[in-house]
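J.: Please find one structure pasted underneath; my questions will follow.
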């Protein structure tokens, strides 16, 4: 335990530094090293909260706002940090050299000037080693360079390698491709043990549903495919696959107790944070074949890391051991080249604000409509038509299955949670408008027709963060003398034999109203139509990845409300999370 010492500095009054960052910095300062060590620790803590894996000391971070002196040079930082027993410096590469050079210090400084919390450095090194090892097999496998038929290239790559990444936007055929891969593998290796996983319960259910719906069309060999399909397991969350333990970051499966599987298909890989991905690969036997599916241009996980984007970036670098493991699906089967949604999504993905604005100003499109952001005082009136048109149909349904299907055709997506254009306020407006029309009756949020969005995993109920249900009475129940039937929360079932599940509202885990949801929460979902709303003021969270993710949730129609200046700055801004994974995978 380090000796106690009086704090020697007051950190700058930056909004980027929270109380938890200051407490952590105070702890690190007890190891000695001067005022700058305390500053570095506070900024590192703030960076991790913002999704970064490390603090790049070569660039001035947001937390430096209010400093009386310029941000130190990298050379100055090295001299300062070497003076603290809290920091271990790594001059080589790999976790073993970190252990030798840095001991068990809470912070690690690498050769590129990146400062880490030790556990994140070790997650990064562990995952990089696992990926390099898996990608080193089958050097004659086809790679991303030979792209005459993207899907066929993906299939041959997955069949000949232990590690494959299949990246592509919505409508590019990722799931169709994996159905063909699964069909081939299960035909050729009848005893193959398969696991299907995704980061959320919603994404897992969608993966399984899509595979089963498309199996008879795309899996090779009709009769053999039917037999193979019966051997596929239920799709599950990564946490459940690893064996989550209540109130513990540890899992039942790890290197000492690995998963008994031969093939892992992980969908929506962009949503998996670094710590979870590292633990997943740690629990895989050396022979397990891994296929990651996702969109490299989508939002990264809410928790620290941008693993899929880092892997894809590393794989495109010359000489990378992962260069033959990445296949990018480019052809879009959902939208034609002339589709406004597709053209706008591509412009946003490329960061071309000028082209994106040109597309949104086109008033002739039937797929896409852009309107100015209403003022807070007129917002409720402007919401009336899209709310009644979008949510009215599901509120006419008494059957829970039909209500769920109708509800999932439309959603309001917001960039932020708070403020006049945030999820909380929009949900309040929507509920008020529907009450006004008599489409929802009752007070509060526990009334027939209310949609709920689960925000906390509950493994006993098999409800997971992101699951959406609707409160409705059982249509087959007897209301008794009063005629009142109790409400149930209805969710999609987990098996074909159980298409619906009902849960008493009082038993629900933490949840929100779900008329509007953040773009982050919408990942892994698709809707026929969306209303996408950006706030009136530019904030750092507004990036091209956020806008792209929101736009690509729509299958048929998009309506957007924004200020053009805010939209243009959002498209121009890229969300780059500080990480050493790209470098660790590049050689």
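Residue numbers (the working numbering): 68 to 654.
Ideal Cβ placement from N, Cα and C applies to all residues, glycine included.
Source: prediction; values computed, not measured.
So, at 7 Å on beta carbons, what are the nonlocal neighbours of residue 259 in its own chain, with the 5 sequence-adjacent residues on each side left out?
T.: Indexing the chain shown from 1 puts residue 259 at position 192. The residues are 252, 253, 329 and 330.
J.: Identify the continuous alpha helix (DSSP H) that holds residue 615 and give its terminal residues.
T.: For the purposes of this step, residue 615 is identified with residue 548 of the chain shown, where counting begins at 1. First-last of the alpha helix (DSSP H) with residue 615: 611–618.
J.: Counting only runs of 3+ residues fully inside the stretch 177–248, write out the beta strand (DSSP E) ranges in chain order.
T.: 181–184 and 230–234
J.: With 16 other CB atoms within 10 Å as the buried threshold, where does residue 178 fall?
T.: The residue given as residue 178 occupies position 111 in the chain shown. Result: exposed.
J.: To test your reading of the DSSP string, which unbroken beta strand (DSSP E) runs of 3 or more residues are found completely within the stretch 495–559?
T.: Entirely contained in the stretch 495–559, the beta strand (DSSP E) runs reaching 3 residues are, in chain order, 518–521 and 535–540.
J.: Sort out for me which residues DSSP pairs residue 439 with in a bridge.
T.: Taking the chain shown and counting its residues from 1, one reaches residue 439 at position 372. DSSP lists 629 as partners of residue 439.
J.: Report the three-state DSSP secondary structure of residue 277 (helix, strand or coil).
T.: To locate residue 277, count along the chain shown from 1; it is residue 210. Reduced to three states, the DSSP call for residue 277 is helix.
J.: Taking all protein chains shown into account, decide if residue 90 is buried (16 or more other Cβ within 10 angstroms of its Cβ) or exposed.
T.: The count along the chain shown starts at 1 and reaches residue 90 at position 23. Label assigned to residue 90: exposed.
J.: Given a threshold of 16 other Cβ atoms within 10 Å of its Cβ, counted over all protein chains shown, does residue 444 qualify as buried or as exposed?
T.: The residue given as residue 444 occupies position 377 in the chain shown. If you draw a 10 Å sphere on the C-beta of residue 444, you find fewer than 16 other C-beta atoms in it, and that means exposed.
J.: When the Cα atoms are used, what is the spatial distance from residue 423 to residue 414?
T.: Counted from its first residue, the chain shown places residue 423 at position 356. Counted from its first residue, the chain shown places residue 414 at position 347. Rounded to the nearest angstrom, the two C-alpha atoms are 5 Å apart.
J.: Residue 395 lies in the alpha helix (DSSP H); which residues open and close that run?
T.: Walking along the chain shown from the start, residue 395 turns up at place 328. First-last for residue 395: 393–395, but that is the beta strand (DSSP E), not the alpha helix (DSSP H).
J.: Tell me whether residue 86 sits in a helix, a strand or coil according to DSSP, three-state version.
T.: For the purposes of this step, residue 86 is identified with residue 19 of the chain shown, where counting begins at 1. In the structure shown, residue 86 sits in a helix (DSSP, three-state: H, G or I).
J.: Given that a residue counts as buried once 16 or more other Cβ atoms are within 10 Å of its Cβ, and exposed if not, what is residue 362?
T.: Taking the chain shown and counting its residues from 1, the one referred to as residue 362 is at position 295. Per the 10 Å Cβ criterion, buried.
J.: Less than 8 Å between the beta carbons of residue 226 and residue 389, yes or no?
T.: Residue numbering aside, residue 226 sits at position 159 when the chain shown is read from its first letter. Residue numbering aside, residue 389 sits at position 322 when the chain shown is read from its first letter. Using a Cβ distance threshold of 8 Å, residue 226 and residue 389 do not count as a contacting pair.
J.: Tell me whether residue 646 is buried or exposed, calling it buried when 16 or more other Cβ atoms sit within 10 Å of its Cβ.
T.: Translated into positions along the chain shown, residue 646 becomes position 579. Result: buried.
J.: Grab the span of the beta strand (DSSP E) containing residue 156 for me, first residue to last.
T.: Counting from one through the chain shown, the residue named residue 156 turns up at place 89. Here the beta strand (DSSP E) through residue 156 covers 154–156.
J.: Work out the CA separation of residue 626 and residue 432 for me, nearest whole Å.
T.: In the chain shown, residue 432 corresponds to position 365, counting from 1. In the chain shown, residue 626 corresponds to position 559, counting from 1. Rounded to the nearest angstrom, the two C-alpha atoms are 11 Å apart.
J.: Does the count of Cβ pairs from the stretch 581–594 and the stretch 485–495 closer than 8 Å reach three?
T.: yes
J.: Can you tell me where the alpha helix (DSSP H) holding residue 421 begins and where it ends?
T.: Within the chain shown, numbered from 1, the residue matching residue 421 stands at position 354. Here the alpha helix (DSSP H) through residue 421 covers 420–427.
J.: Taking the alpha helix (DSSP H) that residue 109 belongs to, which residues open and close that run?
T.: Here the question's residue 109 lines up with position 42 in the chain shown. It spans 102–116 - the alpha helix (DSSP H) in which residue 109 sits, taken as one unbroken run.
J.: Terminal residues of the continuous alpha helix (DSSP H) containing residue 578?
T.: Here residue 578 is taken as the residue at index 511 of the chain shown, counted from 1. Looking at the DSSP string, residue 578 is not in any alpha helix (DSSP H); the run it does join, the beta strand (DSSP E), is 578–580.
J.: Considering residue 404, what are the terminal residues of the alpha helix (DSSP H) in which it resides?
T.: Counting from 1 along the chain shown, the entry for residue 404 is found at position 337. Premise fails: residue 404 is in no alpha helix (DSSP H) and is neither H nor E.
J.: Do the stretch 228–240 and the stretch 261–280 touch if we need at least three Cβ pairs shorter than 8 Å?
T.: no
J.: What do you reckon, are the CB atoms on residue 611 and residue 637 nearer than 8 Å?
T.: Reading the chain shown from its first residue, position 544 is the one you call residue 611. Reading the chain shown from its first residue, position 570 is the one you call residue 637. Cβ atoms of residue 611 and residue 637: closer than 8 Å.
J.: Near residue 92, which residues of its chain fall below 6 Å by C-beta distance, leaving aside the five closest residues on each side in sequence?
T.: Taking the chain shown and counting its residues from 1, one reaches residue 92 at position 25. So the list reads 105, 108 and 109, once near-sequence residues are dropped.
J.: May I ask you to report which of helix, strand or coil DSSP gives residue 567?
T.: Counted from its first residue, the chain shown places residue 567 at position 500. In the structure shown, residue 567 sits in a strand (DSSP, three-state: E or B).
J.: What residues are listed by DSSP as bridge partners for residue 11?
T.: Only positions 68 to 654 of the chain appear in this structure, which leaves residue 11 out of reach.
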